[in-house]
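Below: the structure, in structure tokens.
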Amino acid sequence: MKLLTKDFKKGNVKIEINTLDDLWFLSHIIDEGDHLKGKTLRKIKLGDETDRNLKVIKKLVTLEIAVEKLEFHKFSNSLRVSGKITDGPDDVPRASYHTLDLEEGKIITIKKEQWLNYQIEKLTEASQDKLEKILIIAFDRSTATYALLTQSGFKILSDVSGDVSKKGYEETKGKDFFSEVAKQIHDYHERHKIQYIILASPAFWKEDLMKIIKKNNPDLIKKITLATCNSTGGNGVEEILKRDEVKTVLKQDRTTKETEYVEELFKEISKQAKAAYGIKEVQEASEAHAIKSLLVTDELIHDLREKEKFHELDAIMKDVDRSNGEVHIISTDHEAGKKLQGISGVGAVLRFQLK
11 MKLLTKDFKK
21 GNVKIEINTL
31 DDLWFLSHII
41 DEGDHLKGKT
51 LRKIKLGDET
61 DRNLKVIKKL
71 VTLEIAVEKL
81 EFHKFSNSLR
91 VSGKITDGPD
101 DVPRASYHTL
111 DLEEGKIITI
121 KKEQWLNYQI
131 EKLTEASQDK
141 LEKILIIAFD
151 RSTATYALLT
161 QSGFKILSDV
171 SGDVSKKGYE
181 ETKGKDFFSE
191 VAKQIHDYHE
201 RHKIQYIILA
211 SPAFWKEDLM
221 KIIKKNNPDL
231 IKKITLATCN
241 STGGNGVEEI
251 LKRDEVKTVL
261 KQDRTTKETE
271 YVEELFKEIS
281 KQAKAAYGIK
291 EVQEASEAHA
301 IKSLLVTDEL
311 IHDLREKEKF
321 HELDAIMKDV
331 DRSNGEVHII
341 STDHEAGKKL
351 QGISGVGAVL
361 RFQLK
């Protein structure tokens, strides 16, 4: 997600949607009553209603709606936001209903009466340039390209060529080159504080390099994800960016953090100490301003929204935010999220134990 403009005092934020994950974030940021503005296709009637030659065309227009309903579909990769039109071209009736389909590449403006801290944090989390912690190496038996991922694409750190003869000592020299590649990976890892490494090559070269890394720098193995590419240089890196491995690595990063939050909650529950779970217990803790961190599954939020029963949980989330507590939305795509969903989908780590 790219944050184009922001004015939290006036309540306005303009963003560009870049990934499917952005839709997941937006489904938790946009609330009923917010105003959403963006370009959309709208049916426009040309002519009088009584005219036999009345034509209906689809026209690209910019509309603003007052949000009434959100529908997030994980498997169709879409976020549909519906509401009454509050602003737009003169030939579009005000107060008529319209649905904005949010998708990759779309630019929208969100207007709120008040941005809560957890919403600002989630927006910042989705838009900040966290990708520089990922190192990509596109290589073959004689060349290697090292690149850091950035929000706008990638930054090439270096291109290296090795002296590999085609006959005779090819195997030995190949191992020497891979040893140099492994050493360079370790150097970049230390210099840039790399969190994840993606090794990509044609054929079996990546497995050969992994053996050397395992021998010389075994601590790096747990950070490495293997991928396939057909070339090195910028073209090779661009090829890797289109593959699923990068998305998988980013998802692992979020999963790790969310798992830590859930484990902390269950640790407190096992001690029968500073924890609460279930709407009733959590609401009582919220009223006592006792909540340090509130955990809510995405599945619970979507279920309550569909049943039009989200207001109670929404009030708790806002109350925790105003009390300087943390609010974390946990995905049920991983085991920790499923575990939280198994105890009602909502739980809280408390500042102090309630009687």
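In this text, residue positions in the sequence shown follow this note's numbering: the first is 11, and each later residue adds one. Cβ coordinates follow ideal geometry from the N, Cα and C atoms, glycine included.
Return the bridge partner residues of residue 148 from the DSSP annotation. Answer is 155 and 210.
Look at the alpha carbon of residue 55 and the alpha carbon of residue 68, and state the distance between them as a whole number of angstroms. Between residue 55 and residue 68, the C-alpha separation is close to 9 Å.
Put residue 88 into one of helix, strand or coil per three-state DSSP. Looking at residue 88 - three-state DSSP - the assignment turns out to be strand.
Could you pull the DSSP bridge partners for residue 420 from this structure? Limits of the chain in this structure are 11 at one end and 365 at the other, which puts residue 420 out of reach.
Find the nearest neighbour of residue 325 within the set 297, 265, 345 and 316, judged by alpha-carbon distance. If we check each option's Cα against that of residue 325, 297 comes out closest.
Given residue 97, which residues of its chain have a CB within under 6 Å of its CB, disregarding the five upstream and five downstream residues? Correct list, in chain order: 74.
Does the beta-carbon distance from residue 128 to residue 331 come in below 8 Å? Yes, the Cβ-Cβ distance between residue 128 and residue 331 is below 8 Å.
Can you find the residues in the same chain that come closer than 7 Å, C-beta to C-beta, to residue 181, ignoring five residues on each side of it along the sequence? With a pLDDT of 47 at residue 181, under the threshold of 50, the modelled position of that residue is not reliable, and no figure is offered here.
So is residue 107 buried or exposed if we call it buried at 16+ other beta carbons inside 10 Å? The residue is exposed, with fewer than 16 neighbouring Cβ atoms inside 10 Å.
Please classify residue 214: is it buried, with 16 or more other beta-carbons within 10 angstroms of its beta-carbon, or exposed? Residue 214 comes out exposed.
Start and end residues, beta strand (DSSP E) containing residue 312: Unbroken run through residue 312 is the alpha helix (DSSP H), 308-316; no beta strand (DSSP E).
So the candidates are 294, 169 and 313; which of them puts its Cα closest to the Cα of residue 247? Ranking 294, 169 and 313 by Cα distance to residue 247 puts 169 first.
Contact defined as beta carbons within less than 8 Å: I believe residue 91 pairs with residue 119. What is the distance between those atoms, to the nearest angstrom? In this structure residue 91 is not in contact with residue 119, their Cβ atoms being roughly 12 Å apart against a cut-off of 8 Å.
Residue(s) in a DSSP beta bridge with residue 339: Per DSSP, the beta bridge partners of residue 339 are 306.
Who are the near neighbours of residue 274 in its chain, counting only those whose CB is closer than 7 Å to its CB and skipping five residues on each side? Within the same chain, residue 274 has close Cβ partners 359.
Cα-Cα separation, residue 249 to residue 131: For the pair residue 249 and residue 131, the Cα-to-Cα distance works out to about 32 Å.
Residue 271 vs residue 207 beta-carbon contact at 8 Å: No, Cβ-Cβ distance for residue 271 and residue 207 is not below 8 Å.
Within a Cβ cutoff of 7 Å, which residues of the same chain sit near residue 253, ignoring the five residues on either side of it in sequence? Taken in chain order, the residues that qualify are 237.
Proximal residues to residue 245 (C-beta, below 8 Å), its chain only, five neighbours per side dropped: Around residue 245: no qualifying Cβ.
Taking Cβ to Cβ, would you say residue 347 is nearer than 8 Å to residue 287? 8 Å or more divides the Cβ of residue 347 from the Cβ of residue 287.
Write down the C-beta distance between residue 35 and residue 312 rounded to the nearest angstrom, noting that I regard them as a contact closer than 8 Å. Residue 35 to residue 312, Cβ: 14 Å. No contact.
Between the beta-carbon of residue 24 and the beta-carbon of residue 14, is there less than 8 Å? With respect to the 8 Å criterion, residue 24 and residue 14 are classified as neighbours on the basis of their beta carbons.
Report the CB separation of residue 112 from residue 27 in whole angstroms; it is logged as a contact under 8 Å. Right, their Cβ atoms sit about 6 Å apart.
Simplified DSSP state of residue 126, which is helix, strand or coil: It is coil, neither helix nor strand.
Helix, strand or coil at residue 193 according to DSSP, with G and I counted as helix: Note: residue 193 maps to helix in three-state DSSP.
Buried versus exposed, by CB contacts within 10 Å (16 or more), residue 48: Label assigned to residue 48: buried.
Alpha carbon of residue 334 to alpha carbon of residue 66, nearest angstrom: Cα-Cα distance, rounded: 52 Å.
Less than 7 Å between C-beta atoms, sequence neighbours within five positions excluded: which residues of the same chain meet that for residue 171? Taken in chain order, the residues that qualify are 152 and 153.
Can you check whether the CB of residue 192 is closer than 8 Å to the CB of residue 148? Against a cut-off of 8 Å, the Cβ pair of residue 192 and residue 148 comes out as no contact.
Using the Cβ count rule (16 or more neighbours within 10 Å means buried), how would you classify residue 53? In summary, residue 53 is exposed, with fewer than 16 beta-carbon neighbours lying within 10 Å of its beta-carbon over all protein chains present.
Looking only at C-alpha atoms, which of 231, 194 and 216 sits nearest to residue 157? Comparing alpha carbon positions, the residue from 231, 194 and 216 closest to residue 157 is 194.
Residues near residue 178 in its chain [Cβ-Cβ closer than 6 Å; skip 5 each side]: Model confidence at residue 178 stands at a pLDDT of 39, short of 50, so the residue's coordinates are unreliable and nothing is read from them.
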